[in-house]
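Colleague: Under this note's numbering, the residues of the sequence shown are numbered 736 to 1379, in order. Note that CB positions come from ideal geometry on N, CA and C, so glycine has one too. Source: prediction; values computed, not measured.
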Amino acid sequence: MLSTLDNDLTYGITNIRLIESEKKSTVAIKESEEKYHQLFEGMTEGFALFDIITDEEGNPLDYRFISMNPAFEKQTGLKAKDITGKKISEVFPVTKKYWIELCGQVALSGESFEFENYSTELSSYFKVNAFMPQKGYVAVVYENITKRVLAERDLKSTKEYLESLINYANAPIIVWNTKNVIELFNHAAEHLTGYTSEDVEGKKLDLLFPKTSLTGSKEKIRLALTENMETIEIPILTKNKETRIVLWNSAKVYDENRKVLSTIGQGKDITERIKAEKAVKESKNKLDLALENGNIGIWEWDIRTNSFQLDERMEKMFGLEPGSFEKTYDAFEKHIYEEDIHHMRNAFHQAIEEDIPLESIYRIRLKNDDFNYISTKALVEKDNNGKPIKMSGVCFDVTEMKKGTEKAMFRLNEDLLRSNKELEQFAYIASHDLQEPLRMVSSFTQLLSQRYKDKLDQDAQEFIQFAVDGAVRMQRLINDLLEYSRIETKGKKFSAIDMHNVLGQTIKNLSFIIKEKNAVIINDELPAVIADEGQMVQLFQNLIGNALKFCDISPTIHISAREEREFYIFSIKDNGIGMDPQYFYKIFQIFQRLQPKDQYGGTGIGLAICKRIVERHGGKIWVESELGKGAKFYFSISKKINKN
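#1: Any heavy atom of the ligand NAP inside 7 Å of the beta-carbon of Tyr1072?
#2: In three-state terms, what does DSSP make of Ser1386?
#3: Identify which residue in Ser1371, Ile1312 and Gly1269 has its Cα closest to the Cα of Ile1288.
#4: Identify whether Arg993 lies in helix, strand or coil by the three-state DSSP scheme.
#5: Arg1100 lies in the beta strand (DSSP E); which residues open and close that run?
#6: Going by beta carbon distance, what residues of the same chain come within less than 7 Å of Lys718, once the five residues before and after it are set aside?
#7: Pick helix, strand or coil for Glu1359, following the three-state DSSP scheme.
#8: Taking C-alpha atoms, which residue in Glu936, Glu925 and Ile788 lies nearest to Lys717?
#9: Residues in the same chain with beta-carbon distance under 7 Å from Asp1065, minus the five sequence neighbours each way, listed in chain order, please.
#10: Less than 8 Å separating the beta-carbons of Gly781 and Tyr872?
#11: Quick one: residues in its chain with C-beta nearer than 6 Å to the C-beta of Ser1371, no 5 flanking neighbours on either side, listed in chain order?
#12: Excluding five sequence neighbours on each side, which residues of the same chain lie with their C-beta closer than 7 Å to the C-beta of Ala906?
#13: Taking the Cβ atom as the reference point for each residue, do Val981 and Tyr989 lie within a distance shorter than 8 Å?
#14: Taking the C-alpha atoms as reference points, what is the distance between Gly777 and Glu769?
#15: For Pro1057, count neighbouring Cβ atoms within 10 angstroms of its own Cβ and tell me buried if that reaches 16, exposed if not.
#16: Going by other Cβ atoms of all chains shown within 10 Å of its Cβ, with 16 needed for buried, is Pro1316 buried or exposed?
#17: Taking the DSSP output, what are the residues bridged to Leu940?
#18: Can you tell me the Cα-Cα spacing of Thr931 and Asp941, whole angstroms?
#19: With 16 as the cutoff for other CB atoms within 10 Å, does Gly793 come out buried or exposed?
#20: Measure from the alpha carbon of Thr1134 to the alpha carbon of each residue in Phe1053, Ile1091, Ile901 and Gly951, then state which is nearest.
#21: On a Cα-Cα basis, can you pick out the residue from Lys1252, Phe1275, Ile956 and Arg1347 that is closest to Leu1261?
#22: Starting from the Cα of Leu820, find the closest Cα among Gln810, Asp786 and Thr811 and give me that residue.
#23: Please report how far the alpha carbon of Arg1039 lies from the alpha carbon of Cys1130, in whole angstroms.
#24: CB-CB under 6 Å to Gly1365, same chain, minus the five flanking residues each way: which ones, in chain order?
#25: By a C-beta neighbour count over all protein chains shown, 10 Å radius and 16 as the cutoff for buried, is Gly1341 buried or exposed?
#26: Could you say which of Arg1300, Glu1350, Phe1368 and Gln1273 lies nearest to Ala1282 if we only look at CA atoms?
#27: Is it buried or exposed, Gly1363, if we count other Cβ atoms within 10 angstroms and call 16 or more buried?
#28: If you reduce the DSSP assignment to three classes, tell me which class Lys1308 lands in.
#29: By DSSP, does Ile1038 sit in helix, in strand, or in coil?
#30: Measure the alpha-carbon distance for Glu808 versus Thr966 and round it to whole angstroms.
#31: Please report the straight-line C-alpha distance between His1390 and His1077, rounded to a whole angstrom.
#32: Considering only the alpha carbon of each residue, which of Ala1202, Val875, Glu977 and Lys1188 lies closest to Ile801?
#33: To the nearest whole angstrom, what separates the beta carbons of Ile1380 and Leu1238, a pair I think is in contact under 8 Å?
#34: To which residues of the same chain is Gln1334 closer than 7 Å at the C-beta, ignoring the five residues directly before and after it?
#35: Enumerate in chain order the residues of its own chain whose CB-to-CB distance from Gly1280 is below 8 Å, with the five nearest sequence positions on each side excluded.
#36: Which word fits Met1234, buried or exposed, when buried means at least 16 other C-beta atoms lie within 10 angstroms of its C-beta?
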């Protein structure tokens, strides 16, 4: 049994234990409150506690701020000292109804919501969670998601921008996922294939490949992506079943973990280029075949660098091993026959300076001292300033043709010599056997007129005169024909002659008619030429004689000359009656006359003789004239003629 002392001791001990327990509870509560306060103050999320203001039926009318942490103040821009005890409708009057309904709904459902706050200068975005820790109170946790929202918005904007760029890019672009399903098909791809994006998006990429090349195309795409190939050629099958060749660039699209999401391919339609390249290749093959079969060589001269390139066929013509040519213009000239070098230089110079195609024949010396004849043609290429930069040409080996021509010319010359001898015999007969009867007819007719003059009437006398005139004209015609036939056969050797002396002799021969017509003859400086002097006098005499004859006023005749690269060009201008241009071709033909013989004498053979003389001297003769405005005759004398 316990004594009183024992009972007091027990009570005291129990009391002490209760006091210690209370102290421990108080300390624990204090520590818990401190931890809660630290947690409340240190939260990165904004936290606010509201009490609920209800109507008589318990329906929420508003919410009143009780407390909030520093994060709430920082995120919302609201200060605790300014809003504690205030209603939401006072702080956010515009969003009163929204907040009341939403907070109550969220608190009951436990779901979160997001909203945009315009209470600060910069827009802020929040994720809100609301809950009821106890009846009559609502706790709200704010998470500032501004950075995330802005990032998502930027991402969306960037995505839309990129999709817009892809969709309206000029190049066909296709995006497909890892299962080869088309995700994006831009306008250029639609234009290329004839399919719309609705036709193909969501469908397999195989739709765009011809079946015959499907396996190969898929393998090319796989290799391009695994081996980082820059470009691949893949045929595409259009909606109307046409095959187009497309050059593709492709790249993988990854997520943040480097996982492949999709592949983007950008194409370029090269169908026409492939066709053009094929056509060029075929043309080149045909050209090579034609060049090979035709034994045609190609050369090119870069005028700026003096580089001279020959192809293998031309090297073969020159008797060279393939690739052994030194590739300079000087090396080219070394192979040209010495006598032809000057001629070729002039041909090149004329083509460059006068911008005309080069066309020439030259000889090349071979290793065995033999030579080949080469015919060449070329065009000059100029830069934008008109400066010659390149000459490109072709060459033909015409040796066999030239030798054949020379043989033919030799035979023709023999035939011509034989013909000339026969012509000489005819000329002899014409000058003797034909003229003798004419002289007899003329003499006896005149004798008849003299002896029986008194016995013949006027008509008989006139008839006899007609017969005499006819015989004289016939004799003159035979003499002119004889002269025409002897231009080649009786021509003298060519030598250097002064054309001033030729003109002087001509004027002396025509002095009577010059004086009779009161003619004025003017001449410029005339060159010395290599020619048959007698025929030059005859040429001048016929042309100047015509100028005197076909002039009804006092004649003024001007003789001039100019030097060209290969010819001397002479001109004889008069102030006579002129002629219609339609007759230019006719006047140089034998026995052709434009004027009546009773008005202007002559046999109509003079200009034909002039033409033959000029042609013997390697030149041409032509005329410029208008009816009533005089005439200007031109003739050329070759500088290179060398006849014995």
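Modeller: Straight from the coordinates:
#1: This structure lacks the ligand NAP; in fact it carries no ligand of any kind.
#2: Only positions 736 to 1379 of the chain appear in the structure, and residue 1386 is not among them; the question remains open.
#3: Comparing Cα positions, the closest option is Ile1312.
#4: If DSSP states are grouped into helix, strand and coil, Arg993 belongs with coil.
#5: Arg1100 -> beta strand (DSSP E) spans Leu1093 to Arg1100.
#6: Outside the displayed range of the chain (736 to 1379) lies residue 718, so it cannot be described from this structure.
#7: Here Glu1359 sits in strand by DSSP.
#8: The chain is shown from 736 up to 1379; residue 717 falls before or after that span and cannot be answered.
#9: For Asp1065, where only same-chain residues beyond five positions count, there are no Cβ hits under 7 Å.
#10: Against a cut-off of 8 Å, the Cβ pair of Tyr872 and Gly781 comes out as no contact.
#11: Cβ within range, chain order: Phe1302, Ile1304, Gly1354 and Lys1355.
#12: If the five residues before and after Ala906 are omitted, its C-beta is found closer than 7 Å to the C-beta atoms of Ala923, Gln1001, Gly1002 and Lys1003, all from its own chain and listed in chain order.
#13: Not closer than 8 Å, so no.
#14: As the crow flies, the alpha-carbon of Gly777 is around 12 Å from that of Glu769.
#15: With fewer than 16 other Cβ atoms within 10 Å, it is exposed.
#16: Classification for Pro1316: exposed.
#17: Beta-bridge pairing links Leu940 to no other residue.
#18: One C-alpha to the other measures close to 16 Å.
#19: In the assembly as shown, Gly793 is an exposed residue. Its beta-carbon has fewer than 16 other beta-carbons within 10 Å.
#20: Nearest of Phe1053, Ile1091, Ile901 and Gly951 to Thr1134, Cα basis: Phe1053.
#21: The closest CA to that of Leu1261, considering only Lys1252, Phe1275, Ile956 and Arg1347, is found on Phe1275.
#22: Leu is not the amino acid found at residue 820; the sequence shown has Gly there. The shortest Cα separation from Gly820 among Gln810, Asp786 and Thr811 belongs to Asp786.
#23: The alpha-carbon atoms of Arg1039 and Cys1130 are separated by roughly 22 Å.
#24: Around Gly1365, the same chain offers Asp1309, Asn1310, Gly1311 and Gly1313 as residues with beta carbons nearer than 6 Å, after the five sequence neighbours per side are excluded.
#25: Gly1341 is buried by the Cβ-count criterion.
#26: Of the candidates Arg1300, Glu1350, Phe1368 and Gln1273, the residue whose Cα lies closest to the Cα of Ala1282 is Phe1368.
#27: Answer is exposed; the Cβ neighbour count stays below 16.
#28: Judged by DSSP in its simplified three-state form, Lys1308 adopts strand.
#29: DSSP, read as helix, strand or coil, puts Ile1038 in coil.
#30: Each residue's alpha carbon lies about 58 Å from the other.
#31: Coverage of the chain is limited to positions 736 through 1379, which leaves residue 1390 absent and any answer about it impossible.
#32: Out of Ala1202, Val875, Glu977 and Lys1188, Val875 has the C-alpha closest to the C-alpha of Ile801.
#33: Any answer about residue 1380 is impossible in this case: the structure gives the chain only from 736 up to 1379.
#34: Unreliable positioning characterises Gln1334 in this predicted model, as indicated by a pLDDT of 48, which lies under 50. The coordinate reading is nonetheless provided below. If you ignore the 5 residues before and after Gln1334, its C-beta comes within less than 7 Å of no other C-beta in its own chain.
#35: The answer, listed in chain order, is Leu1245, Ile1248 and Gly1341.
#36: Burial state of Met1234 is buried, judged by a 10 Å Cβ sphere holding 16 or more other Cβ atoms.
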